[in-house]
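Participant: Let me begin by handing over the structure; questions about it come next.
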Amino acid sequence: MTSNYTHETVPTQFVEADGIRYAYRRFGKRGTIPLLLLGYFNSNMDGWDPDVTNSLAANHEVILFDNAGVVASGGKTPHTVAEMTKHCVAFCRALGLKQIHVVGFSLGGMIAQELPLEHPQLVGRLILLGTGPRGGEGMTFTELSAEEQADPVAFLLGAFFAPSGTSQAAGREYIKRLESRKNDRDLPVSRDSAVAQLAAIREWGTISATERYATLKRITHPTLIVHGNKDIVVIPINAFILAEHLPNAQLIMYPDSSHGAFYQHRKAFLEHVKIFLRDGDSVVPDQESIKSSVA
Amino acid sequence: MNKGSNVNLSETAPTQFQDIGGAGLAYRHFGKEGAPPVVCFQHFTGTMNNWDPIHTNRLAQDRPVILVDYRGVGRSGGKTSESMPAVAADIIAFVKALGLKEIDLFGFSIGGMVAQQVALDAPKLVRRILLAGTGPSAGEGMQTLSAEVLEIVNRPNTTQQERSMELFFSKSPTSQAAGEAWLKRIAARKLDREPDAKPQVAEAQLVALAKWGAIPATDRYGDLKKIKQRTLVVNGKDDIMVPTINSYILQQHLPDARLILYPDSGHGSHFQFSEEFAEEAARFFAAT
Numbered sequence: 001m002t003s004n005y006t007h008e009t010v011p012t013q014f015v016e017a018d019g020i021r022y023a024y025r026r027f028g029k030r031g032t033i034p035l036l037l038l039g040y041f042n043s044n045m046d047g048w049d050p051d052v053t054n055s056l057a058a059n060h061e062v063i064l065f066d067n068a069g070v071v072a073s074g075g076k077t078p079h080t081v082a083e084m085t086k087h088c089v090a091f092c093r094a095l096g097l098k099q100i101h102v103v104g105f106s107l108g109g110m111i112a113q114e115l116p117l118e119h120p121q122l123v124g125r126l127i128l129l130g131t132g133p134r135g136g137e138g139m140t141f142t143e144l145s146a147e148e149q150a151d152p153v154a155f156l157l158g159a160f161f162a163p164s165g166t167s168q169a170a171g172r173e174y175i176k177r178l179e180s181r182k183n184d185r186d187l188p189v190s191r192d193s194a195v196a197q198l199a200a201i202r203e204w205g206t207i208s209a210t211e212r213y214a215t216l217k218r219i220t221h222p223t224l225i226v227h228g229n230k231d232i233v234v235i236p237i238n239a240f241i242l243a244e245h246l247p248n249a250q251l252i253m254y255p256d257s258s259h260g261a262f263y264q265h266r267k268a269f270l271e272h273v274k275i276f277l278r279d280g281d282s283v284v285p286d287q288e289s290i291k292s293s294v295a
Numbered sequence: 296m297n298k299g300s301n302v303n304l305s306e307t308a309p310t311q312f313q314d315i316g317g318a319g320l321a322y323r324h325f326g327k328e329g330a331p332p333v334v335c336f337q338h339f340t341g342t343m344n345n346w347d348p349i350h351t352n353r354l355a356q357d358r359p360v361i362l363v364d365y366r367g368v369g370r371s372g373g374k375t376s377e378s379m380p381a382v383a384a385d386i387i388a389f390v391k392a393l394g395l396k397e398i399d400l401f402g403f404s405i406g407g408m409v410a411q412q413v414a415l416d417a418p419k420l421v422r423r424i425l426l427a428g429t430g431p432s433a434g435e436g437m438q439t440l441s442a443e444v445l446e447i448v449n450r451p452n453t454t455q456q457e458r459s460m461e462l463f464f465s466k467s468p469t470s471q472a473a474g475e476a477w478l479k480r481i482a483a484r485k486l487d488r489e490p491d492a493k494p495q496v497a498e499a500q501l502v503a504l505a506k507w508g509a510i511p512a513t514d515r516y517g518d519l520k521k522i523k524q525r526t527l528v529v530n531g532k533d534d535i536m537v538p539t540i541n542s543y544i545l546q547q548h549l550p551d552a553r554l555i556l557y558p559d560s561g562h563g564s565h566f567q568f569s570e571e572f573a574e575e576a577a578r579f580f581a582a583t
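Listed below in C-alpha cells is the structure:
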C-alpha cells in the first residue's frame, strides 16, 4: 500500500528526541524498509528532486529530514560528521525505525558511511551518491564557503551539472522540478548551520595520520556507489576508492555529469537502485513504526 | 552465408567460416535480425567456446550475435597476429566480408583491446562498445602479465578451467561458486566445439599485449578521445589480469563512457553477475 502523499503534498511533521525537535516528511510504500535520505551541504528537504523521491516512493517508504540545527529542526548543527550521525540515530529511534536503507548525497553520504560503523544493525543497505571516504582525495573543500548558495541557480548549474549543453539542460530541468512543491516549503539553511556543516565536511576530508581508509573495511553492508565522471565537488577518484576499499560495494559512474549525476541520469539511476534493492527489501514486521507514519 | 535465427542460440549455432584472404575465420552467428549485430571478441587464449550462454542468449533475443575467433585461434586458419592493429584489420575485413554496415562491439580482456582498435580504425562501422575486464593502450601494468598471473598461467599440469577459476574469479566462496557455475555453462554445448588454442596463440598474444601496453613519451591516453561511440565499461573490483584502475582510466578518458565495477569479483565479474550483467548489456545496446 502506498500513502496518497507525494513529494509535493506530504506535510512536514515533527518528532522529538533528547529535547530536539526534528522536522521530517514521510511518504511512499508502507510496510517496506524505509529509505532515509540524507542531503548535501547547505540543503534542506526541498533540495531533493521530486522526480527521484516520487519514483523511489513507488517501491519504498521515503523519509526526508532536517538534521539538528537545519532549517525547521531544533538544536544546533554540530561541527563533525560523527555528531551529525548521532542526531540522525536519535531521529530514527524517535520514529521507532528498526532498520533503514540509507541514501546519502555528498555530506549525506559521509553520515551514511558513519551510521553503519556505529549502528550496524540499524542499517540495511547504503546508497552513496557523489561522496567520498574519510580523508579522501581533495576533500577539504577549500573553495567552498558558507555563502556558496547566494545565487542558488548558478550554484546548482555550476556544481551539480557538467559544462556540456546536455548536462546544463538537465540541470535547468532539475531546478524547475525543485519548484513543484508549492506549499509548506523549507526555509533556506542559516549561515550558522552552513558554517558548522562546512567545518564538519572539512574535518571529514582531513587525511588521518594512521591507515588512511581503514574504517571502510568495517562497512560490510551491501553498498551502491553512484558518481558523475566529472564531479567537480567530490572528484570521481573518491568513488573508485570507496569501491576498492568497501568489502561489498558496486560502483556506477555516469558520463558527462558532475555532482548531480544521479539527477541527470535519473532514469538509469532509478533502474540501478531498483536492481540493487530488489533482494534487500523485505517487509518490516514492526507495526508501531507503520502506525506512526502519516496516513 | 547462413543468416542467424531465433532457434540457433549459443548452444546450437553452427560454426561457420568466412574467408578474409589468406585465412578463414571461424564464427557463429545467431539471434534476432533487424538490429545492428554485436560482434564479440574473446580473451587471451580463449575461443568461442568460452562465451557465457547467459549473455549471448540474452543479447540474441534483441539482436544478432556474432562470435568470432581471431586468426590462428580455435579453427580459424593462419597464425595469430602479434599486434592489436593486425587483429583489428582481420576483424574489419571479416565484418565487411559479411556485408555488415554497422555493428556493436563486445570485447573481454584482450578482446576489449581489439574492440578499441576496431573503433579507432573503422569508426564509421561501430555504433556502441561494451568493454569488460580490459584497459586502454598504455594502461597501468598492462605491458606484461603480473608475477601472480604468470605463476598461474605457467603452472604445470593445470587445465584451462582450473586456471580461469583463479584468473577470472576472486578467492571468496561466492566468487568461486560463480566460477564453477560459469564453467558448467560454457561446457553445455557438446557438439561442434572449438579446439583449445595452440601454444602459438599465447606467444603471439603476449607480444601484441606488450605492444598495446607500451607507454608512449607523450599523450598517454590520447587515442581514447577519438573513440566517440557510447561505451559501457565493466569490471570486478579486484582484477588481477588487467588491474581494475584501467577500467576507471577508460571511463575517465573516453568521451561517452559509463562504468560499472562489481563487488567481490575479478576479471570475470560479468560471469559472476551473469544475469545482472546480461540485462545491463541488453539495456545498454537497446537504449536510444
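Chains as they are written, first to last, in our numbering: chain A, 1 to 295; chain B, 296 to 583.
By construction, the Cβ of each residue, glycine as well, lies at the ideal position given by its N, Cα and C atoms.
Relative to the alpha-carbon of A159 of chain A, which residue among A:T6, A:D18, A:I232, A:D256 has its alpha-carbon at the smallest distance?
Facilitator: Nearest C-alpha to A159 of chain A: A:I232.
Participant: Measuring only the C-alpha atoms, how far is I175 of chain A from P152 of chain A?
Facilitator: Each residue's alpha carbon lies about 9 Å from the other.
Participant: Do F572 of chain B and D399 of chain B have their beta-carbon atoms positioned less than 8 Å apart in this structure?
Facilitator: Not in contact: D399 of chain B and F572 of chain B (Cβ atoms no closer than 8 Å).
Participant: What do you reckon, are the CB atoms on V15 of chain A and F91 of chain A nearer than 8 Å?
Facilitator: Cβ distance < 8 Å, so V15 of chain A and F91 of chain A count as in contact.
Participant: Taking L254 of chain A as part of the beta strand (DSSP E), name the residues at either end of that continuous run.
Facilitator: The question names Leu, yet the displayed sequence has Tyr at residue 254 of chain A. Y254 of chain A -> beta strand (DSSP E) spans 249 to 254.
Participant: Taking only three categories from DSSP, how would you classify R488 of chain B?
Facilitator: Three-state result, R488 of chain B: coil.
Participant: Tell me which same chain residues have a C-beta within less than 7 Å of the C-beta of A383 of chain B, skipping the five on either side of it?
Facilitator: Excluding sequence neighbours, A383 of chain B sits near V409, Q412, V413, D416.
Participant: Is the stretch 539 to 547 of chain B touching the stretch 443 to 453 of chain B, taking contact as three or more C-beta pairs under 8 Å?
Facilitator: These segments do not touch.
Participant: Which same chain residues end up closer than 7 Å to V496 of chain B when comparing Cβ atoms and leaving out the 5 residues on each side of it in sequence?
Facilitator: If we look at V496 of chain B and ignore the five residues flanking it on each side, its Cβ neighbours are T340, G367, V368, T375.
Participant: Looking at the strands, I want to know which residues DSSP matches up with Y557 of chain B.
Facilitator: For Y557 of chain B, which the question treats as bridged, DSSP gives the partners B:G531.
Participant: Under 7 Å Cβ-Cβ, which residues of chain B neighbour M253 of chain A?
Facilitator: Q546, R553, L554, listed in chain order.
Participant: Where does F401 of chain B sit, in a helix, a strand or coil, going by DSSP?
Facilitator: In the structure shown, F401 of chain B sits in a strand (DSSP, three-state: E or B).
Participant: In chain A, which residues lie with their C-beta within 7 Å of the C-beta of K532 of chain B?
Facilitator: Result: A243, E244.
Participant: Mind checking who H324 of chain B pairs with in its DSSP beta bridge?
Facilitator: H324 of chain B is bridged to B:I361.
Participant: Comparing C-alpha positions only, which one of B:H350, B:A381, B:Y322 sits nearest to E570 of chain B?
Facilitator: Comparing Cα-Cα distances from E570 of chain B to each of B:H350, B:A381, B:Y322, the minimum goes to B:H350.
Participant: Less than 8 Å separating the beta-carbons of I241 of chain A and G96 of chain A?
Facilitator: Result no, Cβ atoms of I241 of chain A and G96 of chain A do not sit closer than 8 Å.
Participant: If you check the beta carbons only, do A330 of chain B and R358 of chain B fall under 8 Å apart?
Facilitator: It is a contact, given that the beta carbons lie within the stated cut-off.
Participant: Quick one: what's P114 of chain A bridged to in DSSP?
Facilitator: A small fix is needed here, since residue 114 of chain A is Glu in this sequence, not Pro. None; E114 of chain A has no bridge partner.
Participant: In the DSSP assignment, find the alpha helix (DSSP H) that holds L56 of chain A and state where it starts and stops.
Facilitator: First-last of the alpha helix (DSSP H) with L56 of chain A: 50 to 57.
Participant: Which residue comes first and which comes last in the alpha helix (DSSP H) that contains Y213 of chain A?
Facilitator: Neither: Y213 of chain A is in no alpha helix (DSSP H) and is coded neither H nor E.
Participant: Going by DSSP in three states, E570 of chain B sits in which element: helix, strand or coil?
Facilitator: Correct three-state label for E570 of chain B: helix.
Participant: Suppose you measure from the CA of R353 of chain B to the CA of I361 of chain B; what does that come to, to the nearest Å?
Facilitator: Rounded to whole angstroms, R353 of chain B to I361 of chain B spans 13 Å at the Cα level.
Participant: Output the boundary residues of the alpha helix (DSSP H) element that contains V390 of chain B.
Facilitator: Element bounds for V390 of chain B: 379 to 392.
Participant: Hey, which unbroken runs of the beta strand (DSSP E) at 3 residues or more fall wholly within the stretch 60 to 130 of chain A?
Facilitator: Taking only runs of at least 3 residues, the beta strand (DSSP E) segments lying wholly in the stretch 60 to 130 of chain A are 61 to 65, 100 to 105, 123 to 129.
Participant: Could you tell me which residues DSSP puts in a beta bridge with R423 of chain B?
Facilitator: DSSP output for R423 of chain B lists B:R525 as bridge partner(s).
Participant: When the cut-off is 8 Å and only beta carbons count, does A249 of chain A lie next to chain B?
Facilitator: Yes, A249 of chain A counts as interfacial toward chain B.
Participant: Among the residues of its own chain, which have a CB less than 6 Å from the CB of S305 of chain B, if the five just before and after it don't count?
Facilitator: Taken in chain order, the residues that qualify are P348, T351, N352.
Participant: Contact criterion: CB-CB distance below 8 Å. Does E571 of chain B meet it with respect to chain A?
Facilitator: It does; some Cβ of chain A falls within 8 Å.
Participant: Considering only their Cβ atoms, is the gap separating D364 of chain B from T342 of chain B smaller than 8 Å?
Facilitator: Going by C-beta atoms, T342 of chain B is nearer than 8 Å to D364 of chain B.
Participant: Buried or exposed: where does N183 of chain A fall if 16 or more other Cβ atoms within 10 Å of its Cβ makes it buried?
Facilitator: Answer is exposed; the Cβ neighbour count stays below 16.
Participant: For E16 of chain A, write down the residues that DSSP places opposite it in a beta bridge.
Facilitator: Paired residue(s): A:R21.
Participant: Leaving out five residues before and five after A577 of chain B in sequence, what residues of the same chain have Cβ atoms less than 7 Å from its Cβ?
Facilitator: Closer than 7 Å at Cβ, skipping near neighbours: R353, L354, D357.
Participant: Give every residue of the same chain whose Cβ lies closer than 7 Å to the Cβ of T215 of chain A, excluding the five residues on either side of it in the sequence, and list them in chain order.
Facilitator: Hits under 7 Å: L117, R134.
Participant: Drop a sphere of 10 angstroms on the beta-carbon of N452 of chain B, count the other beta-carbons inside from all chains shown, and report buried for 16 or more, exposed for fewer.
Facilitator: The residue in question, N452 of chain B, is exposed, as its Cβ has fewer than 16 Cβ neighbours within 10 Å.
Participant: Give me the Cα-Cα distance between M45 of chain A and F568 of chain B, rounded to the nearest whole angstrom.
Facilitator: Taking the straight line joining both Cα atoms gives about 36 Å.
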